[in-house]
Amino acid sequence: MGAASVRADFEVERLRSQVSTLEQLLAVHEKTALEQSRRLENIVNSISDGFFVLSREGRVTYLNQVAAALFMRMGAGSSDLLGRPLWAKFPNLAGGAVEQNFSRAMHDRAQITFEARFEPVDLHLEFHAYPWEDGLSVLFQDVSARKLNDLRREQMQIELERQVQLRTADLQATLSELEAFSYSVSHDLRAPLRSLDGFSQALLEDYSDSLESDGKLYLERIRANAQKMAQLIDALLQLSRVTRAEFNPAPVDLSALVRQIASDVRASDPRRDCEFTIEDGVSAEADARLIEVALQNLLNNAWKFSSQRRQTRIQFGVAPHNGVLACYIRDNGAGFDMKYSEKLFTAFQRLHDVREFEGTGIGLATVNRILKRHGARIWAESAPGQGACFYFTLNGLSAEAPKAKSA
Ligand SMILES: Nc1ncnc2c1ncn2[C@@H]1O[C@H](COP(=O)(O)OP(=O)(O)OP(=O)(O)O)[C@@H](O)[C@H]1O
Ligand SMILES: [Mg+2]
Numbered sequence: 114m115g116a117a118s119v120r121a122d123f124e125v126e127r128l129r130s131q132v133s134t135l136e137q138l139l140a141v142h143e144k145t146a147l148e149q150s151r152r153l154e155n156i157v158n159s160i161s162d163g164f165f166v167l168s169r170e171g172r173v174t175y176l177n178q179v180a181a182a183l184f185m186r187m188g189a190g191s192s193d194l195l196g197r198p199l200w201a202k203f204p205n206l207a208g209g210a211v212e213q214n215f216s217r218a219m220h221d222r223a224q225i226t227f228e229a230r231f232e233p234v235d236l237h238l239e240f241h242a243y244p245w246e247d248g249l250s251v252l253f254q255d256v257s258a259r260k261l262n263d264l265r266r267e268q269m270q271i272e273l274e275r276q277v278q279l280r281t282a283d284l285q286a287t288l289s290e291l292e293a294f295s296y297s298v299s300h301d302l303r304a305p306l307r308s309l310d311g312f313s314q315a316l317l318e319d320y321s322d323s324l325e326s327d328g329k330l331y332l333e334r335i336r337a338n339a340q341k342m343a344q345l346i347d348a349l350l351q352l353s354r355v356t357r358a359e360f361n362p363a364p365v366d367l368s369a370l371v372r373q374i375a376s377d378v379r380a381s382d383p384r385r386d387c388e389f390t391i392e393d394g395v396s397a398e399a400d401a402r403l404i405e406v407a408l409q410n411l412l413n414n415a416w417k418f419s420s421q422r423r424q425t426r427i428q429f430g431v432a433p434h435n436g437v438l439a440c441y442i443r444d445n446g447a448g449f450d451m452k453y454s455e456k457l458f459t460a461f462q463r464l465h466d467v468r469e470f471e472g473t474g475i476g477l478a479t480v481n482r483i484l485k486r487h488g489a490r491i492w493a494e495s496a497p498g499q500g501a502c503f504y505f506t507l508n509g510l511s512a513e514a515p516k517a518k519s520a
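Throughout the sequence shown, residue numbering follows the working numbering, covering 114 to 520 in sequence.
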């Protein structure tokens, strides 16, 4: 065997060994690549979103299990989709907008998010497309439930607004009714009131010599009450006009106010045996004129609905009630059934026969509105034949001298 032939054999052997090494390396690479691709597939299949890959021409080259399941709901199996353009199978997907969006993402090389509705099965999908060199990766999810909730919320909002509008219209109608009522009352009552006041004044001036001091006092009272009534009408008028009517809260001595009203009330029938118990030093932030109207109404009610008692007892004070500090006006009169207690604060609602106790049923509605304007509230406690107690809150309510004093 020549030297040349030995060299050739050696060379062949070396090349063989190199080929074998390369084959081993390739096998290792293939194994690694396969493992990586499996791992990647596991990851892609473990996400809750649908995921698919589109080639530059828009053909589906890969889709995960969630995507396959979603497309199946839309009527296409994986085999129908793989290797074919997505929109060839779903030409109606949002009227072609999906195709346009994907093309734009690829062309602009920009990530894009959009929604599309698949009408035949009423499926709402949200797509997130991420471009790369040879195509597009797309994540998408079924957002139908969220869309339905949004729609329901929108409809509820519309319904709510409609109801608010209806209520506002109702309220406005009631307000204008009250306004009209107050105007007519004011017009009808003003003339007789003026003449009551005028003739009382004339009596005082022209017949002063023939009147005894009691007579003069009564006439003064008539005049004072006629003037108060005119003020009350004005207060009602102002209250009924608009919610923007003037409102001037300031510290008010409620005890003094109640004492003054109690004295007027008592004077309306001095023969009645009545004991007023008025707590001293009760004050609050309130509009003095409006709160006086409210207290007049409450005390007049206490006086009126206890008129059949041999001895009337009316109390005013401050006490914690239902977890809040509240003013109260209590009487020992006819009382009422608590079943109807909410009704009382609505205009023209009365629980007693007018032949037994006269009245129009506007008083407590007025009180309620006045307290509402103060951001306060009123409630009552009573039982038939057991007297009644009306509670109300007010800002800055305080009772500095909690000793009760008989008036
Ligand atoms: N202190 C009370 N005791 C028993 N019932 C009361 C008392 N206060 C109010 N009510 C009941 O609530 C109803 C409504 O009271 P409200 O003051 O609005 O009307 P009114 O006193 O009958 O008439 P108006 O005040 O307009 O002259 C009364 O008719 C009466 O049935
Ligand atoms: Mg009343």
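Beta carbons are placed, not taken as given, at the ideal position from N, Cα and C, and that holds for glycine. Small disclaimer: the values here were computed from a predicted structure and weren't measured.
Practice task
From the DSSP output, in three-state form, read off D310 for me.
Solution key: Here residue 310 is taken as the residue at index 197 of the sequence shown, counted from 1. In this structure, D310 counts as helix in the three-state DSSP scheme.
Practice task
Could you spell out the range, first to last residue, of the beta strand (DSSP E) harbouring H434?
Solution key: For the purposes of this step, residue 434 is identified with residue 321 of the sequence shown, where counting begins at 1. Note, H434: beta strand (DSSP E), 425-434.
Practice task
With hydrogens ignored, establish whether the beta-carbon of S414 is closer than 7 angstroms to any heavy atom of ligand 2.
Solution key: As a position in the sequence shown, residue 414 is number 301, starting the count at 1. It is Asn, not Ser, that sits at residue 414 in the sequence shown. Yes, the beta carbon of N414 sits closer than 7 angstroms to at least one heavy atom of ligand 2.
Handout entry: Whole-angstrom distance between D263 and A415, CA atom to CA atom
Key = Position 302 of the sequence shown, counting from 1, holds the residue named residue 415. Position 150 of the sequence shown, counting from 1, holds the residue named residue 263. A415 and D263: Cα-Cα distance of roughly 54 angstroms.
Handout entry: Enclosing beta strand (DSSP E) for I156 [first to last residue]
Key = Numbered from 1 along the sequence shown, position 43 holds the residue referred to as residue 156. Careful: I156 lies outside any beta strand (DSSP E), inside the alpha helix (DSSP H) at 116-159.
Practice task
Starting from V437, follow the beta strand (DSSP E) in both directions and report where the run begins and ends.
Solution key: Taking the sequence shown and counting its residues from 1, one reaches residue 437 at position 324. That run of the beta strand (DSSP E) goes 437-444.
Handout entry: Counted within 10 angstroms of its Cβ, other Cβ atoms place N177 as buried (16 or more) or exposed
Key = Along the sequence shown, read from residue 1 onward, the residue named residue 177 stands at position 64. The residue is buried, with at least 16 neighbouring Cβ atoms inside 10 Å.
Exercise for the section: Report yes if the C-beta distance between L252 and H241 is below 8 angstroms; otherwise report no. Expected result: One-based indexing of the sequence shown puts residue 252 at position 139. One-based indexing of the sequence shown puts residue 241 at position 128. The answer is yes: Cβ separation under 8 angstroms.
Practice task
Kindly identify the DSSP beta-bridge partner or partners of L249.
Solution key: On the sequence shown, position 136 is the one that residue 249 refers to. Looking at the DSSP assignment, L249 forms a beta bridge with L167, P244.
Handout entry: beta-carbon L457 near ligand 1 non-hydrogen atom, thresh 7 angstroms
Key = Translated into the one-based positions of the sequence shown, residue 457 becomes position 344. Answer for L457: yes, Cβ within range of ligand 1.
Problem - Inter-residue Cα distance where the pair is R71 and R422 - result: Residue 71 falls outside the range modelled here, since the chain spans only 114 to 520, and no answer is possible.
Practice task
Compute every distance between the C-beta of G509 and the non-hydrogen atoms of ligand 2, then say whether any falls below 7 angstroms.
Solution key: Locating residue 509 in the sequence shown gives position 396, counting from the first residue. Not under cutoff, so the answer is no.
Exercise for the section: Would you tell me roughly how many angstroms separate the C-alpha atoms of I405 and F470, rounded to the nearest one? Expected result: Here residue 405 is taken as the residue at index 292 of the sequence shown, counted from 1. Here residue 470 is taken as the residue at index 357 of the sequence shown, counted from 1. Inspection of the sequence shows that residue 405 is occupied by Glu rather than by Ile. Spanning the two alpha carbons is a distance of roughly 23 angstroms.
Practice task
Evaluate the contact criterion for the segment 371-382 versus the segment 494-505: three or more CB pairs, one atom per stretch, below 8 angstroms.
Solution key: no
Problem - Residues bridged to Q254 [DSSP beta-bridge criterion] - result: Counting from one through the sequence shown, the residue named residue 254 turns up at place 141. Per DSSP, E239.
Exercise for the section: For L477, verify whether its CB is less than 7 angstroms away from any heavy atom of ligand 2. Expected result: The count along the sequence shown starts at 1 and reaches residue 477 at position 364. Flag set: Cβ of L477 near ligand 2.
Exercise for the section: Out of G472, L194, N155, I160, point me to the one whose CA is closest to L167's CA. Expected result: As a first step, residue 167 is located in the sequence shown; it is residue number 54 there, counting from the start. That would be L194, whose Cα lies nearest to the Cα of L167.
Exercise for the section: Please confirm whether any heavy atom of ligand 1 lies closer than 7 angstroms to the CB of S299. Expected result: Here residue 299 is taken as the residue at index 186 of the sequence shown, counted from 1. Answer for S299: no, Cβ out of range of ligand 1.
Exercise for the section: Name the residue from P233, H465, T174, E170 whose alpha carbon lies nearest to the alpha carbon of A218. Expected result: Indexing the sequence shown from 1 puts residue 218 at position 105. Residue E170 is the option with its Cα nearest to A218.
Exercise for the section: Pick helix, strand or coil for V173, following the three-state DSSP scheme. Expected result: Taking the sequence shown and counting its residues from 1, the one referred to as residue 173 is at position 60. Here V173 sits in strand by DSSP.
Exercise for the section: Please confirm whether any heavy atom of ligand 2 lies closer than 7 angstroms to the CB of G472. Expected result: Counted from its first residue, the sequence shown places residue 472 at position 359. Flag set: Cβ of G472 near ligand 2.
Exercise for the section: State yes or no: is the C-beta of K452 nearer than 7 angstroms to some heavy atom of ligand 1? Expected result: Start at 1 with the first residue of the sequence shown, and residue 452 comes out as number 339. Result no, Cβ not under 7 angstroms from ligand 1.
Practice task
Pick helix, strand or coil for Y296, following the three-state DSSP scheme.
Solution key: Here residue 296 refers to the residue found at position 183 when the sequence shown is read from its first residue. If DSSP states are grouped into helix, strand and coil, Y296 belongs with the helices.
Handout entry: Distance between P233 and E143 (C-alpha atoms, nearest Å)
Key = Residue 143 sits at position 30 when you count from the first residue of the sequence shown. Residue 233 sits at position 120 when you count from the first residue of the sequence shown. Approximately 44 angstroms between the Cα atoms of the pair.
Handout entry: Where the alpha helix (DSSP H) containing S368 begins and where it ends
Key = Counting from one through the sequence shown, the residue named residue 368 turns up at place 255. Unbroken alpha helix (DSSP H) run through S368: 367-380.
Problem - Per-residue DSSP class, three states only, for V395 - result: In the sequence shown, the residue the question calls residue 395 occupies position 282. Note: V395 maps to strand in three-state DSSP.
Practice task
Measure the CB-CB distance between M187 and F203 and report whether it falls below 8 angstroms.
Solution key: Residue mapping note: residue 187 aligns to position 74 of the sequence shown, counting from 1. Residue mapping note: residue 203 aligns to position 90 of the sequence shown, counting from 1. Their beta carbons are under 8 angstroms apart, which means M187 touches F203 by this criterion.
Problem - Assumed close pair A493, L438 - CB separation to whole angstroms, cut-off 8 angstroms - result: The count along the sequence shown starts at 1 and reaches residue 493 at position 380. The count along the sequence shown starts at 1 and reaches residue 438 at position 325. Actually they are not in contact, since the Cβ atoms of A493 and L438 sit about 17 angstroms apart, beyond 8 angstroms.
Practice task
Use the C-beta contact count for F165: other C-beta atoms within 10 angstroms, 16 or more gives buried, fewer gives exposed.
Solution key: In the sequence shown, counting from the first residue as 1, residue 165 sits at position 52. Label assigned to F165: buried.
Exercise for the section: Check whether the Cβ atoms of A478 and T459 lie closer than 8 angstroms to each other. Expected result: Stepping through the sequence shown from its first residue, residue 478 is reached at position 365. Stepping through the sequence shown from its first residue, residue 459 is reached at position 346. In this structure, T459 lies closer than 8 angstroms to A478 by Cβ.
Handout entry: Segment limits, beta strand (DSSP E) that includes A229
Key = As a first step, residue 229 must be located in the sequence shown, where it is residue number 116. Segment 225-231, the beta strand (DSSP E) holding A229.
Practice task
Please classify T281: does DSSP put it in a helix, a strand, or coil?
Solution key: Here residue 281 refers to the residue found at position 168 of the sequence shown. The answer is helix: DSSP assigns T281 an H, G or I state.
Practice task
Report yes if the CB atom of F360 is closer than 8 angstroms to the CB atom of I391, and no otherwise.
Solution key: Here the question's residue 360 lines up with position 247 in the sequence shown. Here the question's residue 391 lines up with position 278 in the sequence shown. Cβ atoms of F360 and I391: not closer than 8 angstroms.
Practice task
Would you mind working out which of H300, L183, E246 sits nearest R230, comparing C-alpha positions?
Solution key: The residue given as residue 230 occupies position 117 in the sequence shown. Minimum Cα distance to R230 is reached at L183.
Practice task
Verify the contact flag: N410, CB atom, against every heavy atom of ligand 2, threshold strictly below 7 angstroms.
Solution key: In the sequence shown, counting from the first residue as 1, residue 410 sits at position 297. Yes, Cβ of N410 sits closer than 7 angstroms to a heavy atom of ligand 2.
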